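Asks: After the structure tokens below, expect a handful of questions from me.
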Amino acid sequence: MPLVRRKQVAMHSVPSEFVDNPYDTRDVFYLEETGEIFLDYESYASRMSFYKMKVFQCETTGKGGLDYFQALQSEQTESSNLLARFPDPLKAAVLRSVQWRVVGRLDSLVDQVYDRYVDRYHAGEKIFVDIQGEKYWARILKVFPPKALLATWSAHNGNHVSSSANPNMLHPNRSAPNGLSPLNPNYTNPNSPSGSNHYSPHNEVPTAQIDPGSIAHRIGGDLSLPSNEALSKDDPAAYFYQVQLIEEGDEDESGAEVNGSGSGGGGAKWAGSTMEVQMGVMSRDRLAFSKSILRRFIRECVTREAAIASPWVVKPALAIKYGLETEMPAAMRKSMERVKAGELEKRKKVWEDKEDRPSKKVKKQGDGGEDSGRATPVSKVKETPTPAPVRRYPIEDLDVVFTDRDRKAGRLEIRPPFSREVPFGEWGPGACEKFLMVWSILTTFGKPLQLSFFTMDEFEQALNHAYTPPTQSRFPRPIPLMAEVHGILLQHICDRADKAVPGAWDGNGLLYESLEEQEEIWSKDREKLMAVMDSQEAETQADAMDQKRFVKLGGSEEDVQAYVWRAKLGGVRVTELTLVDFRDALARNEWMHSEWRKGEIGTVDERTGWERVLLGCIAEFATPETFPRVRSIVGQLLYPPPIAKPDEQSDAPKIATLDDPDSDSELESNSGEDEDENNLRWGWMALTPRDKLELLAFLADLAMTSRGIRAFMDECDARLTTLRKEKIEVNRERKRVAELLEEAGVSVTKMEEKMNGTANQNGDADDLVDATSEAGSASTTPLPESGATTRRKSRTAPNSTAPNSHAGTPETTHPVNQRAAARAQAAEHKGLVKQRQAHIDEAAKLEKQLAEIEREFRQLLGATRMKPLGKDRFHNRLWWFDGIAGVGMGGKVSEGKGSKGKGRAVEKEREREAQGVGRIFLQGPEKGEWEFVMNGRDERAVRARRVAEEGEEYMLEPGEWAMYAEPEQIDEFIAWLNPKGTRELHLKNALAKWGEPLMAAVGKRSSELSGGNRGQANETRRSSRVKAGAGDTRESYLTWTNKRVR
């Protein structure tokens, strides 16, 4: 059984409905590999997702990182190989020996079995026989136990064994007549009755006979007997074996040949000679019998309960196969109970001895008296509690318990509340995740897409922008951000291939052909309904059934949020198209053709015509499977809401848009071409934000395979490899500088001690004024803490501690010589301090270089593989999207001539990137992960813990998103994390590593939303294309421009 977290996977039980009603015939979902039954697809898919996770371990080989089916296949393969390698005749004997044995460790059981069977052989085994110093392959044909064993076994079982079964074995000291072995077929028994020249055991008929091979090694293999007693009663050295030499590489054949008579018959394979040998010249192949092989075989075949003194039990299927007892004998059960009671009593006694053990501490009486100084016991014995086992952290997060020590350390017990008002959270499940995905693609790949950076707030506001409904004389323009994003993505989709996808335009496009199957289903439904109703009503019912299928695939069209959105546009209504009408519209549309790539998209200043190219792109690449809401979106593009007349415009809401008399062009609708293009543009403007997001997600997915993005990702991978090498070199330099810095600190400290010691010995401060004045400026350089501490200690040393040996000779104590020596010491000290400061500066430079490498590494890694910061104890993911955009991927900007402005622009853009989101997101655990968490745990206990530590209103379900948008909330969340758990330790380290830029981004966004920097931000980001007056307070997303293509 595969393991997960060193425990066997708990299988789902049969649903209670089938247990109560075994004749239930409802349809179910059946998992063939495990035999599990599920009543609904969600449970089946969740369990299958759990089995597909790479968290399982093969129980036989110990190999990890597998999914459930790979681990199961590995176990089955290894088990079959093991069973084929282990000798078949030994299997029943070994399993009989380990059945019902009470041994603490599996290794001890393996050692006992190995010692008993290493020199015991059974009929049918394939062994080596040593003949004149050379080993030959042989097969054991028969086993002949000693006579004493036969007599003992017969007396124990009340049977009689004929001595003629093996005359030589019953009388081992008797020599074989005529010098021949009794196993030789030409051997003549002189005592045989007349008429029979050959010895045969049938010549003597005992009262009851036992096959000697059936009792061979039965006493020696009984582990309940001590080894010495088993050896004395069943000595393997007293056995004789009839063997037949075979060719190397011969395979096993049927048991009839192996266990046949020893007369030397058989086919060509058994053409080798037979002989009689003993254990001294016999041995097994190490690949078939060794302690490691034996351990794996026993572990594969036995189980044991977790209770104290539990016996090893052979698995029932194997016990039945090899004829072993499956029910424990009564006598053995009573013996087992006595052993269990003895173990419990022994543990109880050890525990009581620990509790009653007196303290070893003694106290002495006070001074004076005759008992002074004599140790006396403490009047009241102090009980010594048994120390609790020390837990080594970190451990599994769900095993960590919140303690009073954690509370005193300031760790929060309840996670701080978060906000569920995430972007596009109001548009239903999956919308927020898709929004984050699209924004990440557009900003991360800004360099290959040639798209300037924009914040997440700007992108959200652009998607939610409500346009003023057009009239017959005036028409709104798309905001530059949306027009530029669509135009850029369509350009890169065209860059995927110069020609159309093969087969896409065999008819009217891939989209048209993909709807053919749905139309066939619609036709069948209509034909069935026409049998019971008229054709018009049947067609209406078939359309309703088709609409239900579309809603199930692509989501509901009319919901509360969509109704509110259309109310902002003046209460527009969407034209509903049936499947047949929709396909007809696709076939008639003039912009859906194979030459759509040649359409004009416009320049960066004025993106026009991209809507027509968009229709061609959808017709070639979209299908209901890859773009579920394609029918709703394309239908609204082709049949937009009607443009209101001037007198119908009075009730329309006044919404902030780009419409301005000075900047908007008055578009006339007299030309048919202009009217069609305007209708198409208005159809896009009337799309709900969710549909606009779905459309961008579809385009972004197609653009990811363009040549520019593929080249950019290859560039990122190559740069990541270079950064890894640079990081290794920088760390090596940091280690070297740290060693030099330590050596320099020791040298400076020694020099200062030497200078202070000289001054203390001399006592003449006037003679050292010049030296100290010269060294003063050098000693003012700040030193690390360790050096400063040592210097303070040396200066506070008393003068009397100077040794007398430094008094010196009259030459050295001369004032001139003392002044020269002081100056030399001061110069040396100044040089050492300067050298140490150089090392400190170099270490700071390396730290800054390492921080830059880490920043760029995260930036590039996020471009190729987006990963969360980590997970909390309940497997909620924490995402931080700042600092991974694609601006500045080319490396540092040169500081040469004419590059100062460019460098400042790049740094400014990098600052905007780092503050592009200004919050962190929480994502609920995935279903497969939650199955992994709950495996082997009490679901009610885990839920109760979630309620206690998260709050019932703040438990994220799979697929839900939330966010922290205030610095105080993030600080409280970090205080809630417990580093004793593996996941939260990793998450806390990541937050500590990136805490400074993260908190700066969150703080800046929070202050801007509160109004502190809104005016300044808008002033610095005004577009030169839009005429902004002194009192302009328009949102920043309205003034965004794409500077990358200029």
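So the sequence shown is numbered by full-length UniProt numbering: it starts at 1 and just counts up by one.
Beta carbons are placed, not taken as given, at the ideal position from N, Cα and C, and that holds for glycine.
Values in this document were obtained by computation on a predicted structure and should not be read as measured data.
1. Quick check: the segment 576-591 against the segment 514-526, are there 3 or more CB pairs under 8 Å?
2. Let me check one thing: in DSSP terms, what residues is residue 1066 bridge-paired to?
3. Going residue by residue through the segment 287-337, where are the continuous beta strand (DSSP E) segments of at least 3 residues, counting only ones entirely within it?
4. With 16 as the cutoff for other CB atoms within 10 Å, does Asn-228 come out buried or exposed?
5. How long is the line joining the alpha carbons of Ala-330 and Gln-112, rounded to whole angstroms?
6. Return the CA-CA distance between Val-313 and Leu-922, expressed in angstroms with no decimal places.
7. Applying the 10 Å Cβ sphere with the 16-neighbour rule, what's the burial state of Gly-936?
8. How about Val-572 and Arg-566: do their beta carbons lie closer than 8 Å?
9. Hey, out of Glu-743, Ile-853 and Arg-865, whose CA is closest to Asn-731's CA?
10. What are the residues that DSSP puts in a beta bridge with Arg-101?
11. Note down the Cα distance separating Arg-120 from Met-279, rounded to an integer number of angstroms.
12. Using the DSSP secondary-structure output, state which residues sit across from Gln-57 in a beta bridge.
13. By the 10 Å Cβ neighbour count, where 16 or more other Cβ atoms means buried, how is Asn-1042 classified, buried or exposed?
14. Is Leu-141 helix, strand or coil when you go by DSSP?
15. What is the residue span of the beta strand (DSSP E) that Glu-276 lies within?
16. With DSSP as the reference, identify every bridge partner of Arg-607, one or two as the case may be.
17. Between the beta-carbon of Gly-918 and the beta-carbon of Ala-1001, is there less than 8 Å?
18. Can you list, in chain order, the residues of its chain whose CB lies under 6 Å from that of Asp-651, leaving out five sequence neighbours each side?
19. Look up Val-118 in the DSSP assignment and say whether it is helix, strand or coil.
20. Run the CB neighbour count on Trp-978, radius 10 Å, all protein chains shown included, and call it buried at 16 or more, exposed below.
21. If you measure between the beta carbons of Leu-586 and Ala-619, is that distance less than 8 Å?
22. If you drop the 5 nearest sequence neighbours on each side, which residues of the same chain put their C-beta closer than 8 Å to that of Arg-734?
23. Check for me: the alpha helix (DSSP H) holding Glu-396 runs from which residue to which?
24. Which word fits Gln-242, buried or exposed, when buried means at least 16 other C-beta atoms lie within 10 angstroms of its C-beta?
25. Are the beta-carbon atoms belonging to Leu-223 and Arg-411 less than 8 Å from one another?
26. Are the segment 855-873 and the segment 975-995 touching by the rule of at least three beta carbon pairs closer than 8 Å?
27. If you draw a straight line from the C-alpha of Thr-326 to the C-alpha of His-217, how long is it?
28. For Ser-1010, which three-state DSSP category applies?
29. Is it the case that the Cβ atoms of Ile-219 and Leu-109 are separated by a distance below 8 Å?
30. Could you tell me how far apart the beta carbons of Val-1045 and Gln-450 are, in whole angstroms, since I believe they sit closer than 8 Å?
31. Who does Ser-419 pair with in a DSSP beta bridge?
32. In angstroms with no decimal places, state the Cα-to-Cα distance between Lys-408 and Glu-739.
33. Ile-601 to Gly-616, Cα distance in whole Å?
34. From Gln-491, Phe-475 and Ile-37, pick the residue whose C-alpha is nearest to that of Gly-683; which is it?
35. According to the Cβ coordinates, are Leu-66 and Ser-79 closer than 8 Å?
36. Would Phe-128 pass as an interface residue toward chain D - the criterion being a Cβ-Cβ separation below 8 Å?
Replies: Walking through what the data contain:
1. Touching, per the Cβ criterion.
2. In the structure as shown, the chain starts at 1 and stops at 1046, and residue 1066 therefore has no counterpart that could be examined.
3. Correct list: empty.
4. Along the sequence shown, read from residue 1 onward, the residue named residue 228 stands at position 228. By the neighbour-count rule (16 or more Cβ atoms within 10 Å), Asn-228 is not buried but exposed.
5. Here residue 330 refers to the residue found at position 330 of the sequence shown. Here residue 112 refers to the residue found at position 112 of the sequence shown. Roughly 25 Å separates the two Cα atoms.
6. One-based indexing of the sequence shown puts residue 313 at position 313. One-based indexing of the sequence shown puts residue 922 at position 922. Val-313 and Leu-922 have their alpha carbons spaced roughly 48 Å apart.
7. As a working note, residue 936 is residue 936 in the sequence shown. By the 10 Å Cβ count, Gly-936 comes out exposed.
8. Sequence index remark: in the sequence shown, residue 572 carries index 572 (1-based). Sequence index remark: in the sequence shown, residue 566 carries index 566 (1-based). Between Val-572 and Arg-566, the CB-CB gap stays under 8 Å.
9. Indexing the sequence shown from 1 puts residue 731 at position 731. When each option's Cα is compared against that of Asn-731, the closest is Ile-853.
10. The residue given as residue 101 occupies position 101 in the sequence shown. Beta-bridge analysis with DSSP links Arg-101 to Trp-312.
11. Translated into positions along the sequence shown, residue 120 becomes position 120. Translated into positions along the sequence shown, residue 279 becomes position 279. Using only the alpha carbons, I get a separation of about 8 Å.
12. Within the sequence shown, residue 57 is the residue found at index 57, counting from 1. Per DSSP, Leu-3.
13. Start at 1 with the first residue of the sequence shown, and residue 1042 comes out as number 1042. Asn-1042 should be labelled buried.
14. Sequence index remark: in the sequence shown, residue 141 carries index 141 (1-based). Three-state DSSP puts Leu-141 in a strand.
15. Numbered from 1 along the sequence shown, position 276 holds the residue referred to as residue 276. Segment 274-277, the beta strand (DSSP E) holding Glu-276.
16. Mapped onto the sequence shown, residue 607 falls at position 607. Its beta-bridge partners are Gly-602.
17. As a first step, residue 918 must be located in the sequence shown, where it is residue number 918. As a first step, residue 1001 must be located in the sequence shown, where it is residue number 1001. A contact, by the Cβ cut-off of 8 Å.
18. Residue numbering aside, residue 651 sits at position 651 when the sequence shown is read from its first letter. Low confidence applies here, because Asp-651 scores a pLDDT of 44, under 50, leaving its location unreliable; read the following figure in that light. Cβ within range, chain order: n/a, list empty.
19. Taking the first residue of the sequence shown as position 1, residue 118 is located at position 118. In the three-state DSSP reduction, Val-118 falls in the coil class, being neither helix nor strand.
20. Counting from one through the sequence shown, the residue named residue 978 turns up at place 978. Position check: residue 978 holds Asn in this sequence, whereas Trp was assumed. Under this definition Asn-978 is a buried residue.
21. Within the sequence shown, numbered from 1, the residue matching residue 586 stands at position 586. Within the sequence shown, numbered from 1, the residue matching residue 619 stands at position 619. Contact flag set, yes.
22. One-based indexing of the sequence shown puts residue 734 at position 734. Closer than 8 Å at Cβ, skipping near neighbours: Ala-843, Leu-846, Glu-847 and Leu-850.
23. The residue you call residue 396 lines up with position 396 of the sequence shown. Per DSSP, Glu-396 lies in no alpha helix (DSSP H) segment and is marked neither H nor E.
24. The count along the sequence shown starts at 1 and reaches residue 242 at position 242. Counting every other CB atom within 10 Å of its CB across the protein chains shown gives Gln-242 a total of 16 or more, marking it as buried.
25. In the sequence shown, the residue the question calls residue 223 occupies position 223. In the sequence shown, the residue the question calls residue 411 occupies position 411. Taking 8 Å as the Cβ cut-off, Leu-223 and Arg-411 do not qualify as a contacting pair.
26. Touching, per the Cβ criterion.
27. The sequence position of residue 326 within the sequence shown is 326, counting from 1. The sequence position of residue 217 within the sequence shown is 217, counting from 1. Going from the Cα of Thr-326 to the Cα of His-217 covers about 22 Å.
28. Stepping through the sequence shown from its first residue, residue 1010 is reached at position 1010. Ser-1010 sits in coil when the DSSP states are folded into three classes, being neither helix nor strand.
29. By one-based count along the sequence shown, residue 219 stands at place 219. By one-based count along the sequence shown, residue 109 stands at place 109. Taking 8 Å as the Cβ cut-off, Ile-219 and Leu-109 do not qualify as a contacting pair.
30. Position 1045 of the sequence shown, counted from the first residue, corresponds to residue 1045. Position 450 of the sequence shown, counted from the first residue, corresponds to residue 450. Between the beta-carbon of Val-1045 and that of Gln-450 there is about 5 Å, and that keeps the pair under the 8 Å contact cut.
31. Translated into positions along the sequence shown, residue 419 becomes position 419. BP columns for Ser-419 point to Met-963.
32. The sequence position of residue 408 within the sequence shown is 408, counting from 1. The sequence position of residue 739 within the sequence shown is 739, counting from 1. Their Cα atoms are separated by approximately 39 Å.
33. For the purposes of this step, residue 601 is identified with residue 601 of the sequence shown, where counting begins at 1. For the purposes of this step, residue 616 is identified with residue 616 of the sequence shown, where counting begins at 1. Taking the straight line from one Cα to the other gives about 12 Å.
34. On the sequence shown, residue 683 is found 683 positions in, with the first residue counted as 1. Taking only the C-alpha atoms, the option nearest Gly-683 is Phe-475.
35. Taking the sequence shown and counting its residues from 1, one reaches residue 66 at position 66. Taking the sequence shown and counting its residues from 1, one reaches residue 79 at position 79. Result no, Cβ atoms of Leu-66 and Ser-79 do not sit closer than 8 Å.
36. The question asks about chain D, but that chain is absent: this structure has only one protein chain.
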